[in-house]
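Here the sequence shown stands for residues 1 to 73, numbered as in full-length UniProt numbering. Everything below concerns the one structure shown next.
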Amino acid sequence: VSPTIGENSNELRLASPVAEPLTISLNAQYLVDGLGAVEGDAKVGFIDAKSPITVESIKKDEYLYLLMPLRSE
């Protein structure tokens with residue numbers, strides 16, 4: 001098994017507007033894992049490109065997944 005490094009870009013609808021465009025680098029598989037554990041809709045939250053990203057279930061208050069962004073230059 002050999003890991004593959006690639007690039008992906010995706011745009012999401014935001015519930016709240018942001019002042020400036022923001023780029024966050026992360027391991028996409030970790031995000032897929034967090035979203036895959038949620039039944040139904042999920043809420044993804046972040047403050048800035050260096051802060052933890054949260055994934056929460058909208059239906060159940062008991063699920064919280066934290067994802068750390070990768071350093072990028």
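Cβ atoms here follow ideal geometry from the backbone N, Cα and C, with glycine treated the same way. Keep in mind the model is a prediction, meaning the values are calculated, not measured.
{"Asked": "How long is the line joining the alpha carbons of residue 17 and residue 55, rounded to whole angstroms?", "Found": "18 Å"}
{"Asked": "Going by CA-CA distance only, name the one from 44, 24, 14, 15 that's closest to residue 7.", "Found": "24"}
{"Asked": "One question on the structure: do residue 47 and residue 31 come within less than 9 Å of each other, judged by their Cβ atoms?", "Found": "no"}
{"Asked": "Give every residue of the same chain whose Cβ lies closer than 8 Å to the Cβ of residue 39, excluding the five residues on either side of it in the sequence, and list them in chain order.", "Found": "57, 59, 60"}
{"Asked": "Exposed or buried, which one is residue 34 when buried takes at least 16 other CB atoms within 10 Å?", "Found": "buried"}
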